[in-house]
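**Student:** Dropping the structure in here first, questions after.
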Amino acid sequence: MSWEVAPILFAISAFEGVRRVEPDDVVLRRGPFGGWRVVSPVRLWRSWHLASVLAPFFLTIVAQSDSDSAATGVDEDATDMRSFAGSIEPILALRVLGALDIVLVVIGIPWAVSSRGSIGLLAVLGCALALSAAIALRSAAISIRQGKSGIGFRKALSFLSPFASPLAAEAALSARARNNPQIAVISDLLGEAEFRAFIRPSVYDVELRGSVIAGSSLEEMALALPKVERTGILKSAGEGCKELERFCPRCAERYSLASTTCAECEGIALRLPTGILPVLAALVFLVGIVPSAQCQPTRHSNKPFRWPLADIARPDSAIDREVRISQDFGLAGPGPTIRIVVSARVTRGEVYVTHWISAAEDSDGVSLEKTLRDGLRSRYGCTSFVTVGNEAVCRVPFARNPNWKRFLARLDSLLATAPPSPAPDPNLICGDGSGWELADRIGTHLRRDASRYCGPGSPERERYEAAMRELVNAINRAAASR
Ligand SMILES: [Zn+2]
41 MSWEVAPILF AISAFEGVRR VEPDDVVLRR GPFGGWRVVS PVRLWRSWHL ASVLAPFFLT
101 IVAQSDSDSA ATGVDEDATD MRSFAGSIEP ILALRVLGAL DIVLVVIGIP WAVSSRGSIG
161 LLAVLGCALA LSAAIALRSA AISIRQGKSG IGFRKALSFL SPFASPLAAE AALSARARNN
221 PQIAVISDLL GEAEFRAFIR PSVYDVELRG SVIAGSSLEE MALALPKVER TGILKSAGEG
281 CKELERFCPR CAERYSLAST TCAECEGIAL RLPTGILPVL AALVFLVGIV PSAQCQPTRH
341 SNKPFRWPLA DIARPDSAID REVRISQDFG LAGPGPTIRI VVSARVTRGE VYVTHWISAA
401 EDSDGVSLEK TLRDGLRSRY GCTSFVTVGN EAVCRVPFAR NPNWKRFLAR LDSLLATAPP
461 SPAPDPNLIC GDGSGWELAD RIGTHLRRDA SRYCGPGSPE RERYEAAMRE LVNAINRAAA
521 SR
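To get the working numbering, take the position in the sequence shown, counting from 1, and add 40.
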């Protein structure tokens, strides 16, 4: 045994960081330097995620939604998560002991074995176990002092393992977080400016947009804020926006004056910072003054979208997860394509509708094309189409954006128990119906599924496909709601 075992020892210690994270939970992390921020944990299987990373050098906690946590109200003794997280005793003390332990296990053991043999191994192992025992005793003491609201005695004893003991500081912090409402934990750890940026899209949605699939934990959190606080959060979106910029009132992204709508928040008109006259802004725009480089938007809202969409099978480092559901409505043209993108814990969605374009000499075809286009215009509010080959595509401007995160959570609960698709029956010809085809890429893993049920198969599969169709139709109705 020598240095080759170091990665194995590291992997075993990393495995201790796997946590259950439900869709409404929020994961917060603080690095060795700097403040807390919201992060997206790596999803491993179902709701299991690699949440804790490099503990105790990084501190990670999962702020559970109030329905999952034990919080029944603000516990006065347990408030001020921020100063508790920065406390020397017990948090820093547990972190230092945990850091020594993990260094001893991952680096000390291979070094001792390669240079001192079995005597070295026993010596380092003894030191690591002594450190773990100290951490477990310290955690047990905290557990006894804090009673039911603390770490828990059994959990404290689990820190006798040198692989688990680096997580003791996080456990103490998580125990305190569980006794507080999710909103109190997040706002306290993030600080005012970060919390406002985090909750602003949800505040905007509940105040000004409403929600089609309502009830996400973030929206409930936004509704729990006093009205005056919500107004303050929306007003602060324009803070720091310069004269030659516009800002999005929902996500506070800044754009150049040439942009009119936000690329991230479908259909949201950009605003001018207060103090700049709209006429002056229009003049500046007309005479073509180019905004300074720092004012350039990272995403141009008026850029035509890409069609066809990029190959979903090709991983994109900027996208954690992408789901596409295409629907077949028969000869008139394909049904809406639903696209959901999860990036840096933000879930957003798009819906595309398409109609075929006929050759100019085909007068019947041209007349049908006009009917189809008028239909899409009145049904989905499509005023502009991007033409690619013989397709005209419109990205649906939602009057009220669906709650994409909630939709994805419902989709996940269906996919988790999806029965296998029955083999096609060669004696059956399935007609055109409201079929769907799903592609779901998480990182590099791609999963595909499609509705195939027509005729004898399994009743479970039939129920699953019907539930999926119902879910997809909820988005279709939201897209068509004017
Ligand atoms: Zn925006």
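From the three backbone atoms N, C-alpha and C, an ideal C-beta is built for every residue, glycine too. Quick caveat, the model's predicted, so the values are computed rather than measured.
Is Arg290 a contact residue of ligand 1, with contact defined as CB to any heavy atom under 6 Å?
**Tutor:** Result yes, Cβ under 6 Å from ligand 1.
**Student:** Indicate the three-state DSSP secondary structure (helix, strand or coil) for Ala51 in the structure shown.
**Tutor:** Note: Ala51 maps to helix in three-state DSSP.
**Student:** Using the three-state DSSP reduction, which class does Ile191 fall into: helix, strand or coil?
**Tutor:** Coil, per DSSP.
**Student:** From which residue to which residue does the beta strand (DSSP E) around Gly307 run?
**Tutor:** No beta strand (DSSP E) contains Gly307, which DSSP labels as neither H nor E.
**Student:** Can you find the residues in the same chain that come closer than 6 Å, C-beta to C-beta, to Val381, ignoring five residues on each side of it along the sequence?
**Tutor:** Excluding sequence neighbours, Val381 sits near Ile359, Glu362 and Arg388.
**Student:** Check whether the Cβ atoms of Val391 and Ala180 lie closer than 7 Å to each other.
**Tutor:** Contact flag unset, no.
**Student:** With respect to the beta strand (DSSP E) encompassing Glu56, which residues constitute its N-terminal and C-terminal limits?
**Tutor:** Premise fails: Glu56 is in no beta strand (DSSP E) and is neither H nor E.
**Student:** List the residues that DSSP assigns as beta-bridge partners of Val426.
**Tutor:** DSSP lists Val433 as partners of Val426.
**Student:** Restricting to Cα atoms, I'd like to know which of Ala95, Leu312, Ile131 and Val433 is closest to Gly375.
**Tutor:** Taking only the C-alpha atoms, the option nearest Gly375 is Val433.
**Student:** Please confirm whether any heavy atom of ligand 1 lies closer than 6 Å to the CB of Cys281.
**Tutor:** Because no heavy atom of ligand 1 lies under 6 Å away, the Cβ of Cys281 does not count as near it: no.
**Student:** Report yes if the CB atom of Arg69 is closer than 7 Å to the CB atom of Val58, and no otherwise.
**Tutor:** No, they are not a contact pair.
**Student:** Do Ile182 and Ile191 have their C-beta atoms closer together than 7 Å?
**Tutor:** Yes, the Cβ-Cβ distance between Ile182 and Ile191 is below 7 Å.
**Student:** Does any heavy atom of ligand 1 sit closer than 6 Å to the C-beta of Glu502?
**Tutor:** Outside the cutoff, so no.
**Student:** Tell me which same chain residues have a C-beta within less than 6 Å of the C-beta of Ala118, skipping the five on either side of it?
**Tutor:** Annotation note: pLDDT 44 at Ala118 (below 50); position unreliable, no value reported.
**Student:** Buried or exposed: which applies to Arg86, given that a residue is buried once 16 or more other Cβ atoms fall within 10 Å of its Cβ?
**Tutor:** Its Cβ having fewer than 16 others within 10 Å, Arg86 is exposed.
**Student:** Is any heavy atom in ligand 1 found nearer than 6 Å to the beta carbon of Glu304?
**Tutor:** Checking the Cβ of Glu304 against ligand 1 gives yes.
**Student:** Just checking: is the beta-carbon of Ser201 within a distance shorter than 7 Å of some beta-carbon in chain C?
**Tutor:** The chain labelled as chain C is not found in the depicted structure, where only one protein chain is given.
**Student:** Should Gly483 be labelled buried (16 or more other beta-carbon atoms within 10 Å of its own) or exposed?
**Tutor:** The residue in question, Gly483, is exposed, as its Cβ has fewer than 16 Cβ neighbours within 10 Å.
**Student:** Quick check on Glu477: does DSSP put it in helix, strand or coil?
**Tutor:** Glu477 falls in the strand class under three-state DSSP.
**Student:** Rounded to the nearest angstrom, what separates Asp414 and Lys267 at their Cα positions?
**Tutor:** Straight-line Cα distance between these residues: approximately 42 Å.
**Student:** In terms of residues, what are the limits of the beta strand (DSSP E) holding Glu285?
**Tutor:** Its beta strand (DSSP E) spans residues Glu285 to Phe287.
**Student:** With hydrogens ignored, establish whether the beta-carbon of Glu293 is closer than 6 Å to any heavy atom of ligand 1.
**Tutor:** Yes; taking the cut-off as 6 Å, the Cβ of Glu293 has a heavy atom of ligand 1 nearer than that.
**Student:** Between which two residues does the beta strand (DSSP E) holding Ile352 run?
**Tutor:** Where Ile352 is concerned, there is no enclosing beta strand (DSSP E), given that its DSSP letter is neither H nor E.
**Student:** What are the start and end residues of each continuous alpha helix (DSSP H) run of 4 or more residues lying completely inside the segment 192-217, in chain order?
**Tutor:** With a minimum length of 4 residues, the continuous alpha helix (DSSP H) runs that stay inside the segment 192-217 are 193-198.
**Student:** CB-CB under 6 Å to Arg236, same chain, minus the five flanking residues each way: which ones, in chain order?
**Tutor:** Cβ neighbours of Arg236 beyond the five flanking positions: Ile273 and Ser276.
**Student:** Using the rule of at least 16 other Cβ atoms within 10 Å of the residue's Cβ for burial, across every protein chain shown, is Gly157 buried or exposed?
**Tutor:** Classification of Gly157: exposed, given that the 10 Å Cβ count is below 16.
**Student:** Determine the extent of the beta strand (DSSP E) in which Ser227 is found, giving its start and end residues.
**Tutor:** No beta strand (DSSP E) contains Ser227, which is instead part of the alpha helix (DSSP H) from Gln222 to Leu230.
**Student:** Confirm, please, whether the CB-CB distance from Asp141 to Ser201 is below 7 Å.
**Tutor:** No, the pair does not count as a contact, with Cβ atoms beyond the cut-off.
**Student:** Let me know the secondary structure DSSP gives Ser105 once reduced to three states.
**Tutor:** Here Ser105 sits in coil by DSSP.
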